[in-house]
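J.:
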Amino acid sequence: MSVREIVLMGDPVLRAEAEFVEDFDERLVALVQDMFETMYHAEGIGLAAPQVGISTGVIVVDLRREDEDDQPLAIVNPSITWHSKKTHKKPEGCLSIPGLEEVVERFTAVRVEGFDPDGNAISVEADDLLARALQHEIDHIHGVLFLDHLSPLKRRMLLKKWKKLEADGFEEP
Ligand code: NI
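Numbered according to our numbering, the sequence shown spans residues 642 to 814.
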């Protein structure tokens with residue numbers, strides 16, 4: 642296992658539609674292990690494969706930092722097959738966009754279907770923070786960043802802040 646480098650906004654891999662995983666092999670298992678390790682190292686609660694530069698449909702989520710009863714989740718080829726009508730707004734950040742946080746509207750609850758790293762079909766019903774994290778990570782599989790959910794004005798303000806952070810080498814708190 643090893644900590645991989647997290648790619649930052651501006652890298653085209655974050656804007657690509659990720660490939661479907663077809664081979665449930667040792668490479669996939671190693672990728673999932675590295676993604677967990679990378680996420681824990683960065684103190685995040687979710688990570689998608691494109692964020693370590695691998696354009697495939699793999700996400701990991703672990704909310705135990707927020708709720709210790711939670712279970713770590715790795716989902717291959719995840720898709721949202723149901724969502725609540727209700728939405729809610731909460732602040733969100735992204736390991737690929739360090740230093741930025743903004744309120745994003747998400748579905749309150751979702752059902753996500755996909756596969757575990759061994760190739761078994763799985764279905765996860767989630768609400769609140771887990772639902773939010775899953776929607777955020779699945780967005781990454783489709784080249785979508787949380788900024789894309791904001792109004793053009795908000796997005797412009799955040800991009801301005803991002804350019805400054807980038808120029809300062811992310812030294813600012
Ligand atoms: Ni993210």
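From the three backbone atoms N, C-alpha and C, an ideal C-beta is built for every residue, glycine too. Keep in mind it's a predicted model, so treat the numbers as computed, not measured.
#1: Using the beta-carbon count (16 or more within 10 Å), is Pro719 buried or exposed?
#2: Quick one, which of Pro691, Lys726 and Ser643 has its alpha-carbon nearest Pro653's?
#3: Quick check: the segment 736 to 750 against the segment 779 to 790, are at least 3 beta-carbon pairs closer than 8 Å?
#4: Going by other Cβ atoms of all chains shown within 10 Å of its Cβ, with 16 needed for buried, is His777 buried or exposed?
#5: Name the residue from Leu794, Met676 and Ala683 whose alpha carbon lies nearest to the alpha carbon of Thr697.
#6: Classify Ile779 as helix, strand or coil using the three-state DSSP reduction.
#7: Is Leu770 near the ligand NI, judged by its Cβ being under 7 Å from some heavy atom?
T.: Reading it off the structure:
#1: Within the sequence shown, the letter at position 78 stands for residue 719. It counts as buried.
#2: Residue mapping note: residue 653 aligns to position 12 of the sequence shown, counting from 1. Minimum Cα distance to Pro653 is reached at Pro691.
#3: yes
#4: As a working note, residue 777 is residue 136 in the sequence shown. That one is buried.
#5: In the sequence shown, residue 697 corresponds to position 56, counting from 1. Of the candidates Leu794, Met676 and Ala683, the one whose C-alpha sits nearest the C-alpha of Thr697 is Met676.
#6: Walking along the sequence shown from the start, residue 779 turns up at place 138. Three-state result, Ile779: helix.
#7: On the sequence shown, residue 770 is found 129 positions in, with the first residue counted as 1. False, no ligand heavy atom lies under 7 Å from that Cβ.
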